[in-house]
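Trainee: According to the numbering used here, the sequence shown holds residues 192 to 509 in order. Ideal Cβ placement from N, Cα and C applies to all residues, glycine included.
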Amino acid sequence: MKSNNRTINYRGEIRSAFLFIFPTYIIILIFVIIPVIIAFYISFNKWNLLGHMKFVGLLNYKKLFHSKQFWKALTNTFWYSFITVPVGIFLSLIIALLLNTKIRGLAIYRAIYFLPVMTSFVAAAFIWQWIFQFQNGILNYILNFIGIKPIAWLNEPKGIFTLIFERLGINIPSWLGGPSVTLVSISIMSIWKNTGYFMIIFLAGLQAIPNTLYEAAEIDGAGPVKRFFNITLPILSPTTYFVTIMAVIMSFQVFEQVAVTTRGGPLNSSLVLVYFIYQRAFKFLEVGYATSAAYILFAIVLILTYFQVKILGKRVHY
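Put into structure tokens, the structure is as follows:
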């Protein structure tokens, strides 16, 4: 009898739990799964949002792979990710380590570093445009003060390495030029915007580490460097793992930074995949073509996330 009662109670709990989460499943079905399926169908059609769809099979995907603009956008997106992910994670961890101490006014410092996360990028873009301004920008003013010629930060299609070596009187091949100066400038803005978000996550991970471990290591004669590499980093690995995956995904979703400041220019030097998709869908009304690009982006992010889980997951210590 007792086992039967337990079974009935268990089934009742399962039924109650299902009823509570059922509305969430409905929302996910309507606003996520169904649109994804419809978008996949649209990617095989030619459609301008107004007329009827015309099935074209794999033509949109074939057109994508032959598009120089698409490959430029893809290359720029990878460059953007390559810059923002490691630099952003490194700065976030350093700031979190500095704020994970007992100093006066600690809450104020944390709020200051997190403030850019809450700031609208549209508003912040005006400040950064002034900082990067060619003639009156504060950054070029500093460069001019130390004897360096001003740089058109948001209007320079040359690669950053090409520009540096040109200033030194050295010519290098274009394929060694690196990301454009404009893309590097946008990357700097993004690092400023997102560092506070990852800093908070790292700070939560650091505060979860028991102080007894540090005390025991200190008694054994371990210095700050040894404590960091032997205690902090291994225990913080799940947090680092999460932050890395999130940072990569966010880097491939970059849009508003480009839309507000450069709109992909000059000469497509700051064109990224999401802005390319936006242009094709809403400026040129090539919805099927844009949707196929969106699925390529989805596949890239999915593959990168899979490899991160496989590679980084082995180094996580719980």
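Determine, using beta-carbon pairs with one atom in the stretch 468 to 486 and one in the stretch 358 to 370, whether at least three such pairs fall under 8 angstroms.
Mentor: Verdict: no, contact absent.
Trainee: To which residues of the same chain is Ile426 closer than 6 angstroms at the C-beta, ignoring the five residues directly before and after it?
Mentor: Taken in chain order, the residues that qualify are Ile400.
Trainee: CB Ala264 to CB Val463, shorter than 7 angstroms?
Mentor: Yes.
Trainee: Tell whether a beta-carbon distance below 7 angstroms holds between Leu404 and Asn291.
Mentor: No; because the gap between Cβ atoms is not below 7 angstroms, this pair is not in contact.
Trainee: Helix or strand or just coil, what does DSSP make of Asn362?
Mentor: Reduced to three states, the DSSP call for Asn362 is coil.
Trainee: With DSSP run on the structure shown, which of helix, strand or coil describes Lys505?
Mentor: Reduced to three states, the DSSP call for Lys505 is helix.
Trainee: Buried or exposed: where does Trp321 fall if 16 or more other Cβ atoms within 10 Å of its Cβ makes it buried?
Mentor: Exposed.
Trainee: Of the choices Phe231, Gln260, Thr268, whose alpha-carbon is the least far from that of Gly248?
Mentor: The option with the nearest alpha carbon to Gly248 is Phe231.
Trainee: Hey, out of Tyr497, Gly412, Phe312, Pro370, whose CA is closest to Val451's CA?
Mentor: The candidate whose alpha carbon is nearest that of Val451 is Phe312.
Trainee: Among Ser428, Ala438, Ser460, Thr423, which residue has its Cα nearest to the Cα of Val492?
Mentor: Here the closest residue by C-alpha is Ala438.
Trainee: Let me confirm a value: Tyr497 is counted as buried when at least 16 other C-beta atoms fall within 10 Å, else exposed. Which label applies?
Mentor: It counts as exposed.
Trainee: What residue range does the alpha helix (DSSP H) around Asn251 cover?
Mentor: Unbroken alpha helix (DSSP H) run through Asn251: 250 to 256.
Trainee: Is the distance from the Cβ of Leu374 to the Cβ of Trp262 below 7 angstroms?
Mentor: No, Cβ-Cβ distance for Leu374 and Trp262 is not below 7 angstroms.
Trainee: For the putative contact between Pro370 and Ile274, defined by C-beta atoms under 8 angstroms, what is the C-beta separation to the nearest angstrom?
Mentor: 7 angstroms between Cβ atoms; contact.
Trainee: Whose C-beta lies closer than 6 angstroms to the C-beta of Ile468 among residues of the same chain, with five residues either side of it excluded?
Mentor: Correct list, in chain order: Ala481, Ala484, Ala485.
Trainee: For Gly368, which residues does DSSP report across the bridge?
Mentor: Beta-bridge pairing links Gly368 to no other residue.
Trainee: Between the alpha carbons of Gln260 and Val372, how many angstroms are there, rounded?
Mentor: Approximately 18 angstroms, taken between the alpha carbons.
Trainee: Using alpha carbons as the reference points, say which of Tyr304, Asn421, Leu255, Arg506 lies closest to Phe433.
Mentor: Looking at the Cα atoms, Arg506 is the closest of the given residues.
Trainee: Once the 5 residues before and after Leu503 are set aside, which same chain residues still bring their CB inside 7 angstroms of it?
Mentor: Once the five neighbours on either side are set aside, the close Cβ partners of Leu503 are Tyr432, Thr435.
Trainee: Which word fits Phe443, buried or exposed, when buried means at least 16 other C-beta atoms lie within 10 angstroms of its C-beta?
Mentor: So Phe443 counts as buried.
Trainee: Is the CB-CB distance between Phe419 and Ala287 below 7 angstroms?
Mentor: Contact flag unset, no.
Trainee: Kindly indicate the opening and closing residues of the alpha helix (DSSP H) around Ile285.
Mentor: That run of the alpha helix (DSSP H) goes 259 to 290.
Trainee: Considering only residues of the same chain and omitting the five flanking positions on each side of Tyr466, which have a CB-CB separation below 7 angstroms?
Mentor: Hits under 7 angstroms: Phe446, Val449, Ala450, Gly455.
Trainee: In angstroms with no decimal places, state the Cα-to-Cα distance between Asn385 and Val308.
Mentor: Roughly 6 angstroms separates the two Cα atoms.
Trainee: Counting only runs that start and end within the stretch 408 to 471, where is the alpha helix (DSSP H) found for 4 or more residues in a row?
Mentor: You should have 415 to 418, 428 to 443, 447 to 452, 464 to 469.
Trainee: Flag this pair as yes or no: are the beta carbons of Ile510 and Gly279 separated by less than 7 angstroms?
Mentor: No information on residue 510 is available, as it lies outside the stretch 192 to 509 that the chain covers here.
Trainee: Of all the options Thr453, Gln499, Ile225, Leu210, which has the alpha carbon lying nearest to the alpha carbon of Met380?
Mentor: For the residues Thr453, Gln499, Ile225, Leu210, the minimum Cα distance to Met380 belongs to Thr453.
Trainee: Quick check: the Cα distance between Ile391 and Ser207, rounded to an integer number of angstroms?
Mentor: So the alpha carbons of these two residues sit roughly 35 angstroms apart.
Trainee: Pick helix, strand or coil for Pro246, following the three-state DSSP scheme.
Mentor: Reading off the sequence shown, one finds Phe at residue 246, where the question assumed Pro. Looking at Phe246 - three-state DSSP - the assignment turns out to be strand.
Trainee: Helix or strand or just coil, what does DSSP make of Lys384?
Mentor: Three-state DSSP puts Lys384 in a helix.
Trainee: Give me, in chain order, the residues of the same chain whose beta-carbon lies closer than 7 angstroms to that of Phe147; leave out the 5 immediate sequence neighbours on both sides.
Mentor: One cannot answer for residue 147 here, as it falls past the ends of the chain, which runs 192 to 509.
Trainee: Excluding five sequence neighbours on each side, which residues of the same chain lie with their C-beta closer than 8 angstroms to the C-beta of Phe352?
Mentor: For Phe352, where only same-chain residues beyond five positions count, the Cβ hits under 8 angstroms are Ile363, Leu367, Gly368, Gly369.
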